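S.K.:
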Amino acid sequence: MKGFQLFIFFILLTSFGSCTLSLNEQDNVYFSGDIILGGLFPVHEKGNEFTRCGRVNEERGIQRLEAMLFAIDEINKLDTILENVTLGVNIRDTCSQDTYALEQSLEFVRSSLTSVDVGGCVASDVINSTEGRVVGVVGGSDSDVSIQVANLLRLFEIPQISYASTSARLSDTSRYDYFARTVPPDTFKPKP
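Under mature numbering (1 follows the signal peptide of the UniProt record, and there is no 0), read the sequence shown as residues -22 to -1, 1 to 170, first letter to last.
1. Would the stretch 157 to 170 and the stretch 62 to 69 be scored as touching if the rule is three or more Cβ pairs under 8 Å?
2. What residue range is occupied by the uninterrupted beta strand (DSSP E) comprising residue 6?
3. Would you identify the three-state DSSP class for residue 61, choosing helix, strand or coil?
4. Quick one: what's residue 15 bridged to in DSSP?
5. Could you check what DSSP says for residue 138 in three-state terms: helix, strand or coil?
6. Just to confirm, are residue 31 and residue 39 a CB contact at a threshold of 8 Å?
7. At what residues does the alpha helix (DSSP H) containing residue 24 begin and finish?
8. Could you have a look at residue 34 and say whether DSSP puts it in helix, strand or coil?
9. I believe residue 143 touches residue 114 by the beta-carbon criterion, under 8 Å. Please report the beta-carbon distance rounded to the nearest angstrom.
10. I think residue 121 touches residue 83, with their Cβ atoms under 8 Å apart; what is that distance to the nearest whole Å?
11. Note down, in chain order, each residue of its chain lying with its Cβ closer than 8 Å to the Cβ of residue 156, except the 5 sequence neighbours on either side.
12. With residue 14 and residue 112 assumed to form a contact (beta carbons below 8 Å), what rounded beta-carbon distance in angstroms separates them?
13. Quick one: what's residue 147 bridged to in DSSP?
14. Note down the Cα distance separating residue 54 from residue 42, rounded to an integer number of angstroms.
15. Is the beta carbon of residue 126 closer than 8 Å to that of residue 79?
16. Buried or exposed: residue 5, going by 16 or more other Cβ atoms within 10 Å of its Cβ?
17. Let me know if residue -14 comes out buried or exposed under the rule of 16 or more other beta-carbons within 10 Å of its beta-carbon.
18. So who's on the other strand from residue 158, going by DSSP bridges?
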């Protein structure tokens, strides 16, 4: 399974251009840039009691991930949109689990920290991230994932925009003030 994951990510990377590929426990794709956008996609389905992640989720995961990479690539090609600025990405797999997505989102937060002040001791060398600061996050897909992630990202004032989360709970702007979405909430769905 790990070989197949590497193959999929390699195909994505060779079509995107030069980059740094990092596949470890976090299963992420990172392309450097002047501005880094985070991405959360259910590349895999939920695993079982023995594995965290299940089979590859082509439609809801891979295709949406490819759409983000395509959009970033197109924006970077046009110097009329962001003159002398290159967008990069830090994309992470949620494995269709809210708790795992929260763990992955901690990496976005970690990359945005340059130093930590703990009881008067500043620990700037402890956080040694080679990945750039994530300025915003695209995702998650499931409402449960977005709710967990939004609760974390708001503490660090990192904006999040979801492409598929429809829970009405996410409409509470006093609680989810750094969250936006491109789809209407469930309350606007027609009733049969």
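Glycine included, C-beta positions come from ideal geometry on N, C-alpha and C.
Please read these numbers as outputs of a predicted model, since none were measured by experiment.
M.R.: Considering the structure as presented:
1. no
2. 6 to 9
3. coil
4. 67 and 114
5. strand
6. no
7. Not the alpha helix (DSSP H): residue 24 falls in the beta strand (DSSP E), residues 22 to 24.
8. strand
9. Wrong, their Cβ atoms sit about 15 Å apart, outside the cutoff.
10. No, residue 121 and residue 83 are not in contact; Cβ-Cβ is about 15 Å, not under 8 Å.
11. Taken in chain order, the residues that qualify are 128, 131, 132, 135, 136, 137 and 138.
12. Between residue 14 and residue 112 the beta-carbon gap is near 5 Å, inside 8 Å, which marks them as a contact.
13. DSSP output for residue 147 lists no bridge partner at all.
14. 18 Å
15. yes
16. Counting other Cβ atoms within 10 Å of its Cβ, residue 5 reaches 16 or more and is therefore classed as buried.
17. Residue confidence for residue -14 is low, a pLDDT of 49 falling below 50, so the modelled location carries little weight; the figure read from the coordinates is stated next. Counting of Cβ neighbours within 10 angstroms places residue -14 among the buried residues, the total reaching 16 or more.
18. 139
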